[in-house]
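Quick note: the sequence shown, position 39, residue 38 per numbering that gives the first Met the number 0, numbers continuous.
Don't be surprised by glycine CBs; every beta carbon is placed ideally from N, CA and C.
Written below as structure tokens is the structure these notes are about.
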Amino acid sequence: MEKFIDHCCEKCFNSEEKRCDVFVECCLEGPLCHESEPCKKARQEIVEKYSHSSAFREH
């Protein structure tokens, strides 16, 4: 996983054909659809990498 919108693993189903209703929340706090410490850690690393603004989570 390199980008914010990348799937965390094969369990992530978000796509143009089937949108996840909580995709943004999942990317920020997830995964929300399954339990996985490696996915959670990878998501946290992506958020830390791209959250240059203190207001990142406020919008």
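Following the DSSP letters along the chain, one finds F3 in no alpha helix (DSSP H), marked with neither H nor E.
Rounded to whole angstroms, C25 and K39 show a C-alpha spacing of 9 Å. In chain order, V21, E24, C25 place their CB closer than 7 Å to the CB of L31, counting only its own chain and leaving out the 5 sequence neighbours on each side. Around the Cβ of C7, a 10 Å sphere holds 16 or more other Cβ atoms; the residue is buried. Per DSSP, reduced to three states, the secondary structure at R42 is helical.
For C25, the uninterrupted alpha helix (DSSP H) segment begins and ends at 22-28.
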